[in-house]
Structures are given as structure tokens and as C-alpha cells.
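Enquirer: The opening position of the sequence shown corresponds to residue 10 in this note's numbering, with each subsequent residue numbered one higher.
No residue lacks a Cβ here, since even glycine has one placed at the ideal position from N, Cα and C.
Since this is a predicted model, take the numbers as computed values, not measurements.
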Amino acid sequence: MSLARRIEEYLKRLLSQKEAVEIQRNELAEFFQCVPSQINYVLSTRFTPTQGYLVESRRGGGGYVRIVKISWEDSPHYILKNIYEVIDAESGLDQWEAEGVIKRFYEEKLITRREFQLLKAIVSRETLAIDLPERDMIRGRIIKAVLTTLCRKD
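#1: Quick check on the burial criterion: 16 or more other C-beta atoms within 10 angstroms. Buried or exposed for residue 126?
#2: Less than 7 Å between the C-beta atoms of residue 109 and residue 146, yes or no?
#3: Do you know offhand how far residue 144's Cα is from residue 129's?
#4: Can you give me the start and stop residues for the alpha helix (DSSP H) that residue 108 sits inside?
#5: Per the DSSP calculation, residue 155 is bridged to which residue(s)?
#6: Nearest to residue 134 by alpha carbon, out of 20, 27, 104, 47?
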């Protein structure tokens, strides 16, 4: 298992016990015997708003990182709207980002396991067999269409 994956799983275990965790970036890097930039990489790629997380950081004075898991029970439509706005019409979503959004839908029981598998197949690079950046733009449009459907009240 990659270092990034181990760090991600460790942080998600902490988050499974609480809605938010505060960590010292340097202490976490020391724990995993890596450089702090590796922690930054994990935070910026695995704990994004599209994946259902907010990351706040403070530098200096020991600095800390606070990771908050966005609660879908509180306001699912607000969160879906937030994700919708994050998807840039110009650049779309890469496969990793799209799968993160889809996984979050499944984890929050907004879609079934079968729908999860179907959506992953639909946004895969093998299915969208066209060149970049068009592929990411189309993938972003697909996820936006799914979000629009999930937000409907009828």
C-alpha cells in the first residue's frame, strides 16, 4: 500500500470517530517518516470538498491542520450545490476527482451500489475515449448532470 494511501486511511479512521480532527502536520509527517509536503499532497488530493471534506490550516507557531467531514444530514442540497460550483466548466474533472465524488454519493447513500458501479464505468477514461482536455470537460458535465438529478425534489 502506498504511503499516501496509508496516511489517507489513518486520517479517515480518526474521522470515523469524530466529525473533525486537528493534527500537527510536522508530527504526522514524523509519525509516517515522511516530509510535510507528503502530508500536504494527501490533504489536497484525498480530502477535497468534492470528496466531502473541508481542510483548514494554520502556519507558524506549530501550525495545525483541521479536517472537517461535511455532514450530509445537515444540508445535503447545500453540499451538492457546493460540489456543483467546484466543478469548473473549463477544466471539468479528472477521473480521480470524479470517482471521489461518486464514492461520496455512495457512502452517503444517495446512490445504490449498482448506480455507483454504473457511474464509475461511465466516467472512466476507457469509456470516454477522447483526448484531454475534452475528456475531463465531458466528465465534469456528466457529474453535474448527476448532481442536478440528485438535487431534484420530485
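Expert: On the basis of the data shown:
#1: The residue in question, residue 126, is exposed, as its Cβ has fewer than 16 Cβ neighbours within 10 Å.
#2: Cβ distance not < 7 Å, so residue 109 and residue 146 don't count as in contact.
#3: Residue 144 and residue 129 have their alpha carbons spaced roughly 14 Å apart.
#4: 104-116 is the extent of the alpha helix (DSSP H) around residue 108.
#5: Residue 155 is not bridged to any residue.
#6: Nearest option by C-alpha distance: 104.
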